[in-house]
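Novice: So that we are looking at the same thing, I have put the structure below in structure tokens.
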Amino acid sequence: MRIIFLGTNGWYSTELGNTVSILIGTEEYYIILDAGDAIHKIDQYIKEEKPIIILLSHLHLDHIIGLHTFAKFPFKQDINIYGYKGTKKGIKKIIKHPYSSPFSDIPINVQIHDLDEGKYNIGFPITCKLLFHADPCLGYKIEIEDKIIAYCTDTGVCQNLYQLSNNADLLITECSYKSGQEEWAWPHLKPEEAAEVAVKSNVKKLILTHFDASSYRTIQDRERAEETAKKIFANTTAASDGLELILK
Ligand SMILES: [Zn+2]
Ligand SMILES: [Zn+2]
Numbered sequence: 002m003r004i005i006f007l008g009t010n011g012w013y014s015t016e017l018g019n020t021v022s023i024l025i026g027t028e029e030y031y032i033i034l035d036a037g038d039a040i041h042k043i044d045q046y047i048k049e050e051k052p053i054i055i056l057l058s059h060l061h062l063d064h065i066i067g068l069h070t071f072a073k074f075p076f077k078q079d080i081n082i083y084g085y086k087g088t089k090k091g092i093k094k095i096i097k098h099p100y101s102s103p104f105s106d107i108p109i110n111v112q113i114h115d116l117d118e119g120k121y122n123i124g125f126p127i128t129c130k131l132l133f134h135a136d137p138c139l140g141y142k143i144e145i146e147d148k149i150i151a152y153c154t155d156t157g158v159c160q161n162l163y164q165l166s167n168n169a170d171l172l173i174t175e176c177s178y179k180s181g182q183e184e185w186a187w188p189h190l191k192p193e194e195a196a197e198v199a200v201k202s203n204v205k206k207l208i209l210t211h212f213d214a215s216s217y218r219t220i221q222d223r224e225r226a227e228e229t230a231k232k233i234f235a236n237t238t239a240a241s242d243g244l245e246l247i248l249k
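The sequence shown begins at 2 in the working numbering and counts up one residue at a time.
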């Protein structure tokens, strides 16, 4: 499967990147992880009529702000959006007049589904667990094409982070803080913490994303985070917008 990091910033977009969104193209599905403003790029990649599934971690704006761009998409297939309970109500509060056109006014069929913690089959198995964040935030374990992908963003270190990433082929997690940075706000990870989770959870590959735009101002800042993480877990990549990866 092909994984494209469309947006890799946390909090807000800068010249370095857009806010978080990741597209996974499998044989049968397009799976999108979060809908930061980078989600506007999906029409560069979605060329087939496979179902589109969007998994939202939480409702902070850097993870959903791109939902207002859907009116431009030419897709014929349905889009199903999943998120923690309250997601349907939360999105409907924002994706409506006077902020945006509601989904009911655009030509694509968009459905929103609330999830709780637990296991679901949405065409393929997913496991959802709450992470450690300022507002309810779901981490996902996705099992597809004999691979396990864990997507855990916007979290401090917590048990559910370990459980979701246990034995994953790929852990995509966040790196909001810099190494040694004084934590000044919500729980988030530093590069060495993400790498330690990768080691303890026995994952095969770690990708760092959701770099806090106010702390990570240059690509060199991200390269330093990668170097720090690699000393603990060698198979680490710091993502930047446009990074592509084939998982096979
Ligand atoms: Zn965020
Ligand atoms: Zn958040």
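For every residue, glycine included, the Cβ atom is placed at its ideal position computed from N, Cα and C. Only a predicted model underlies this, so the values are computations on that prediction, with no experimental measurement involved.
Under the assumption that Ala199 contacts Arg223 (Cβ atoms under 8 Å), give the Cβ distance between them as a whole number of angstroms.
Specialist: Here residue 199 refers to the residue found at position 198 of the sequence shown. Here residue 223 refers to the residue found at position 222 of the sequence shown. Between Arg223 and Ala199 the Cβ distance is about 17 Å, and since that is not below 8 Å, they are no contact.
Novice: Helix or strand or just coil, what does DSSP make of Glu194?
Specialist: In the sequence shown, the residue the question calls residue 194 occupies position 193. Glu194: helix per DSSP, three-state reduction.
Novice: Return yes when at least one heavy atom of ligand 1 lies under 7 Å from the C-beta of Asp79, else no.
Specialist: Translated into positions along the sequence shown, residue 79 becomes position 78. For ligand 1, not one heavy atom lies less than 7 Å from the Cβ of Asp79.
Novice: Look at Arg3 and Gly26 and say whether their C-beta atoms are less than 8 Å apart.
Specialist: For this step, residue 3 is matched to residue 2 along the sequence shown. For this step, residue 26 is matched to residue 25 along the sequence shown. Yes, these two residues count as a Cβ contact at 8 Å.
Novice: Helix, strand or coil: which one does DSSP assign to His114?
Specialist: Counted from its first residue, the sequence shown places residue 114 at position 113. Note: His114 maps to strand in three-state DSSP.
Novice: Tell me the DSSP secondary structure of Ser22 in three-state form.
Specialist: Reading the sequence shown from its first residue, position 21 is the one you call residue 22. Correct three-state label for Ser22: strand.
Novice: For Thr156, which residues of its own chain have a beta-carbon under 8 Å away from its beta-carbon, when the five flanking residues on both sides are left out?
Specialist: Looking up residue 156 in the sequence shown gives position 155. The answer, listed in chain order, is Leu132, Phe133, His134, Cys138, Gly140, Leu162, Thr174, Glu175, Pro188, His189, Leu190.
Novice: For Asp147, does the count of other Cβ atoms within 10 angstroms reach 16, so buried, or fall short, so exposed?
Specialist: On the sequence shown, residue 147 is found 146 positions in, with the first residue counted as 1. Asp147 comes out exposed.
Novice: Which residues neighbour ligand 1 when neighbourhood means a C-beta less than 7 Å away from any of its non-hydrogen atoms? List them by chain order.
Specialist: My final list is Gly11, Trp12, Val21, His61, Asp63, His64, Thr154, Asp155, His211.
Novice: Give me the DSSP bridge partner(s) of Lys120.
Specialist: By one-based count along the sequence shown, residue 120 stands at place 119. According to DSSP, which records beta bridges pairwise, Lys120 is partnered with Thr128.
Novice: Skipping 5 residues on each side, what residues in its chain have a beta carbon closer than 7 Å to that of Ile145?
Specialist: Sequence index remark: in the sequence shown, residue 145 carries index 144 (1-based). Thr27, Phe125.
Novice: Let me check understanding here. Comparing Cα to Cα, which of Gln78, Gln182, Ala39 lies closest to Ser215?
Specialist: Residue 215 sits at position 214 when you count from the first residue of the sequence shown. For the residues Gln78, Gln182, Ala39, the minimum Cα distance to Ser215 belongs to Gln182.
Novice: So, do the stretch 102-110 and the stretch 58-66 have three or more beta carbon pairs nearer to each other than 8 Å?
Specialist: Output reads no: the stretch 58-66 does not touch the stretch 102-110.
Novice: State the DSSP-derived secondary structure class of Gly67, mapped to helix, strand or coil.
Specialist: For the purposes of this step, residue 67 is taken as the residue at position 66 of the sequence shown. In the structure shown, Gly67 sits in a helix (DSSP, three-state: H, G or I).
Novice: State the DSSP-derived secondary structure class of Gly8, mapped to helix, strand or coil.
Specialist: Indexing the sequence shown from 1 puts residue 8 at position 7. Residue state, collapsed to three classes: strand.
Novice: Grab the span of the beta strand (DSSP E) containing Lys206 for me, first residue to last.
Specialist: Taking the first residue of the sequence shown as position 1, residue 206 is located at position 205. That run of the beta strand (DSSP E) goes 206-210.
Novice: Could you pull out every residue in the same chain whose Cβ sits closer than 6 Å to the Cβ of Ile127, ignoring the five residues on either side in sequence?
Specialist: The count along the sequence shown starts at 1 and reaches residue 127 at position 126. Tyr121, Tyr141, Ile143.
Novice: Less than 8 Å between the CB atoms is what I'm expecting for Val204 and Ala226, so what's the real figure, rounded?
Specialist: What you label residue 204 is simply residue 203 of the sequence shown in a count that begins at 1. What you label residue 226 is simply residue 225 of the sequence shown in a count that begins at 1. Not a contact, Cβ separation roughly 17 Å.
Novice: Suppose you measure from the CA of Asp117 to the CA of His69; what does that come to, to the nearest Å?
Specialist: What you label residue 117 is simply residue 116 of the sequence shown in a count that begins at 1. What you label residue 69 is simply residue 68 of the sequence shown in a count that begins at 1. Distance between the alpha carbons of Asp117 and His69 is about 25 Å.
Novice: Going straight from the alpha carbon of Lys90 to that of Lys77, what length do you get?
Specialist: Residue numbering aside, residue 90 sits at position 89 when the sequence shown is read from its first letter. Residue numbering aside, residue 77 sits at position 76 when the sequence shown is read from its first letter. Answer to the nearest angstrom: the Cα atoms are 25 Å apart.
Novice: Within 10 angstroms of the Cβ of Thr210, are there 16 or more other Cβ atoms? Answer buried if so, exposed if not.
Specialist: Here residue 210 refers to the residue found at position 209 when the sequence shown is read from its first residue. Buried.
Novice: Roughly how many angstroms lie between the CA atoms of Asp79 and Thr15, to the nearest whole one?
Specialist: Counting from one through the sequence shown, the residue named residue 79 turns up at place 78. Counting from one through the sequence shown, the residue named residue 15 turns up at place 14. Cα to Cα, Asp79 sits roughly 31 Å from Thr15.
Novice: Whose C-beta lies closer than 6 Å to the C-beta of Asn167 among residues of the same chain, with five residues either side of it excluded?
Specialist: The residue you call residue 167 lines up with position 166 of the sequence shown. Excluding residues within five positions, the ones whose Cβ falls inside 6 Å are Ser202.
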